[in-house]
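In my numbering, the protein residues as written are 223 to 347.
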């Protein structure tokens with residue numbers, strides 16, 4: 223007679239975030255790749271001075287700040303992509319729980335500070 227496995231709990235050890243983080247990493251990588259191509263094209267065909275680069279980041283279409291929105295989307299993608307990668311490194315290679323938690327908290331604080339600094343720069347143009 224076969225055993226029924228109704229209501230059993232499965233203990234997950236390690237990162238264990240699986241497919242969701244895999245998909246998020248791929249989506250953020252695609253966003254970063256598209257933005258990188260756009261940025262590279264702009265770098266090749268835009269004169270190197272403050273006004274032209276400010277124009278790139280403050281480009282508007284139908285009243286929307288498209289340049290700032292695209293840069294923000296790319297930077298948030300970079301931060302999320304970095305968080306998943308660094309978190310997995312901490313979880314795979316740092317065994318003492320207290321040290322791992324400290325490193326994860328410091329990573330989160332650093333990423334939040336980077337996002338705030340980015341927002342201050344790009345949205346104050």
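Even for Gly, the Cβ is constructed at its ideal location relative to N, Cα and C.
- Rounded separation between residue 306 and residue 336 - CA only: 16 Å
- So, are the CB atoms of residue 280 and residue 274 less than 7 Å apart? no
- Query: Shortest alpha-carbon distance to residue 293 belongs to which of 249, 328, 343?
  - Reply: 343
- Item | Span separating the alpha-carbon of residue 350 from that of residue 309 | Nothing can be reported for residue 350: it is not among the residues displayed for the chain, which extend from 223 to 347.
- Query: Beta carbon of residue 345, beta carbon of residue 325: below 7 Å?
  - Reply: no
- Beta-carbon gap between residue 264 and residue 278 smaller than 7 Å: yes
- Message: Could you compute how far the alpha carbon of residue 250 sits from the alpha carbon of residue 341?
- Response: 19 Å
- Query: Per DSSP, what kind of secondary structure is residue 347 in: helix, strand or coil?
  - Reply: coil
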